[in-house]
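In my numbering, the protein residues as written are 1 to 493.
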Amino acid sequence: MNVITDLADGSPAAARAAKGAAPREAALWVVFAVCAVLAALPAGQEVPLPAPALGAAALLLGRVSGRDTLMAGALALLTAGYPAVAVLGGATVTHGFVAAASAVVFAVLPWLLGRYLRRRAEAASFGWRRAELLEREHDLVAERERLRERARIAEEMHDSLGHELSLIVVRAGAMQVGPDYGEAELRDAAGELRAGAAAAVERLQEIIGILRETGDPLAGEPLGQGVGELVDRARGAGMDIGLRGGDRLADAPEPVRRALARAVQEALTNAAKHAPGAAVTVRVEREAGVGWAVRVGNGPAPRGGPIGAGVSGGRGLAGLAERLRPLGGAVEAGPRADGGFEVWARVPAGAAPGRAGGAGAAELASRFAAAQRRALRAAVLAPAALLAALAAVWLGYYGYVSANAVLAPAEFDRLRVGQEQARVEAVLPPMSMLDPPAERGGAPAGDARCRFYRSELTWPGAATTAYRLCFADGRLAVKETVPVGTRTEGGAR
């Protein structure tokens with residue numbers, strides 16, 4: 001189990017925190033709903049008084065609530081509902097666009113900002129918790145590796161001691177079947193036998209000492225010997241052995257040299273046990289770009305002795321195969337045509353022990369960082385895109401209304417004060433100006449109502465002239481020109 005993934009799945013502490021935050025989130029939803037309704041009511045201000053409170057509630061909801069889908073739906077309803085309410089309440093279309101922009105500024109933008117702050121806080125909290133859990137996981141992995149290494153060393157006790165004891169058997173066999181020894185020869189042979197036994201005991205003490213250590217697992221070869229040293233020791237014990245290509249392992253990585261040395265050791269142990277006195281050949285092979293291999297073969301046992309199955313204690317070659325597997329290697333063993341036995345171990349080029357990585361934690365951290373970047377982009381781009389869309393729609397609408405609010409100067413000149421309103425409206429364009437000039441002329445008499453028309457279609461803010469027509473009691477009461485832009489001339493007609 002990877003404890004890092006618990007961070008994303010939800011821990012008990014996270015569940016308790018979420019439970020404690022539920023009442024606060026519910027209260028914020030109530031405040032947000034009340035402010036949203038109050039802000040939609042006409043209050044006579046360009047910016048309704050509840051709008052700042054609405055923005056604060058949206059900011060806090062984005063900061064503490066993870067109900068993004070629900071909030072996105074509510075904000076879409078506000079953005080579309082505010083202008084509809086304004087227009088249905090008698091406001092102009094211009095005021096409807098202003099209401100939609102207000103929803104973006106006072107609701108959408110604060111919520112997205114709060115959402116980004118929440119994502120950033122989650123990423124920061126994740127970083128600290130991830131560091132703590134990584135430390136715990138590292139300790140667990142280290143302890144597991146120590147236990148695994150202890151098991152490996154316990155297994156190697158069989159191989160190492162078996163090899164040493166096999167050499168003792170070879171020496172003892174040589175003393176038994178050899179020619180008559182004199183006192184000096186027997187003393188020398190007994191000394192070698194004693195030295196071999198002492199080496200075996202020393203090896204056993206070394207391994208037991210290693211098993212009692214609590215430090216890092218061993219990284220080196222337990223025997224501290226290479227292929228050449230193993231062959232020399234076996235030859236010194238009286239084994240008839242030859243080595244070919246021993247220098248071909250010089251450029252091999254350390255794990256490869258250790259693994260192949262273990263293969264040679266196991267093969268020599270098998271030969272000493274099952275074919276004592278047989279000639280043994282160790283051959284090291286190296287093929288560029290392919291890998292390394294060792295072949296250890298022995299001839300038939302003297303006096304017709306049988307060749308064993310090649311498995312020492314039932315674990316030697318099987319354990320060797322397990323050792324070579326992480327390196328991508330393999331081991332094969334079997335009888336030869338001449339009645340002997342051969343062990344062949346190979347390791348491919350580029351072999352390296354596998355390592356357990358923390359890809360899951362790195363991937364989770366990457367997802368948190370990506371979510372934070374997406375939240376920041378949304379906080380900046382979403383309101384900008386909404387406002388840009390509103391501006392584009394407004395400009396299109398403004399252009400359409402302006403094109404349908406142009407009163408030709410000739411038609412304006414033919415109008416007369418006192419003329420019936422029905423006859424005047426017959427020649428007027430279908431729409432009036434959305435943006436009447438700031439200088440609107442004198443106040444109309446009584447309850448007269450005024451309209452403004454363009455004299456020509458121009459860009460907003462361009463210097464031109466607008467026409468003001470006021471109606472009272474069913475007749476044209478006021479007819480005058482009003483400057484638009486930088487032009488200042490004009491007057492009543």
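Backbone N, C-alpha and C define an ideal beta-carbon position, used for all residues, glycine too.
Alpha-carbon to alpha-carbon, G226 and R244: 14 angstroms
DSSP three-state assignment for R286, whether helix, strand or coil: Looking at R286 - three-state DSSP - the assignment turns out to be strand.
Cβ pair F32, L54 closer than 8 angstroms: Their beta carbons are under 8 angstroms apart, which means F32 touches L54 by this criterion.
Beta carbon of A278 nearer than 8 angstroms to that of P255: no
Cβ-Cβ separation, A103 to Y116 (assumed contact under 8 angstroms), whole Å: Not a contact, Cβ separation roughly 19 angstroms.
Nearest residue (CA-CA) to R319, options L260, L165, V169: Before going on, a small fix: residue 319 reads as Gly here, not Arg. Among L260, L165, V169, the Cα nearest to that of G319 belongs to L260.
Where P50 sits in the DSSP three-state scheme: If DSSP states are grouped into helix, strand and coil, P50 belongs with coil.
Start and end residues, alpha helix (DSSP H) containing G236: 227-236
Proximity of A405 and M431 at Cβ, strictly below 8 angstroms: yes
Alpha-carbon spacing of G68 relative to R148, whole angstroms: One point to set straight first is that residue 68 is Asp, not Gly, in the sequence displayed. Looking at the two C-alpha atoms, the distance is approximately 47 angstroms.
Close Cβ partners of R63 (< 6 angstroms) along its chain, the five nearest in sequence each way excluded: G114, L117, R118
Cβ pair R235, I241 closer than 8 angstroms: yes
For V169 and A275, believed in contact at Cβ under 8 angstroms, the rounded distance: With 8 angstroms as the limit, A275 and V169 do not qualify as a contact, their Cβ atoms being about 12 angstroms apart.
For L317, the nearest candidate out of V264, S402, V93, A197 (CA to CA): Per the Cα distances, V264.
Neighbourhood of F471 by C-beta distance below 7 angstroms, restricted to the same chain and skipping five residues each side: Answer for F471: Q421, A448, R449, A477, listed in chain order.
Close beta carbons around L109, own chain, < 7 angstroms, minus the five adjacent residues each side: P383
Beta-carbon gap between V484 and T464 smaller than 8 angstroms: Cβ atoms of V484 and T464: closer than 8 angstroms.
Pairwise C-alpha distance: L434 and A462: 15 angstroms
Span of the beta strand (DSSP E), counted from its first residue to its last, around P483: According to the DSSP assignment, P483 belongs to the beta strand (DSSP E) that extends over 475-484.
Candidates R24, P23, A22, A51: closest to V34 by CA position: A51
CA-to-CA distance, D251 to G350, given in whole angstroms: 12 angstroms
P437 vs F452 beta-carbon contact at 8 angstroms: yes
Three-state class that DSSP yields for W111 in the structure shown: helix
DSSP three-state assignment for N298, whether helix, strand or coil: strand
Within 8 angstroms, strictly: CB atoms of G297 and R346: no
Coil, strand or helix - V427 by DSSP: coil
A189 to A172 span [Cα, whole Å]: Each residue's alpha carbon lies about 8 angstroms from the other.
Other residues of its chain near G340: CB distance less than 8 angstroms, five sequence neighbours each side excluded: A275, A278, G297, N298, G299, P300, I307
Short Cβ contact (8 angstroms threshold) for A330 with E342: Cβ atoms of A330 and E342: not closer than 8 angstroms.
Nearest to A391 (by Cα), restricted to the options A101, R24, A72, V280: A101
Exposure of R454, with buried meaning 16 or more beta-carbon neighbours within 10 Å: buried
Nearest candidate by alpha-carbon position, reference L167, set V231, L457, L70, G246: V231
heavy atom of the ligand FMN below 7 angstroms from V290 C-beta: Within the structure as shown, the ligand FMN is missing, as the structure has no ligands at all.
Cβ-based burial, A124 [other Cβ within 10 Å; buried from 16]: Per the 10 Å Cβ criterion, exposed.
Local conformation of R416 per DSSP, three classes: coil
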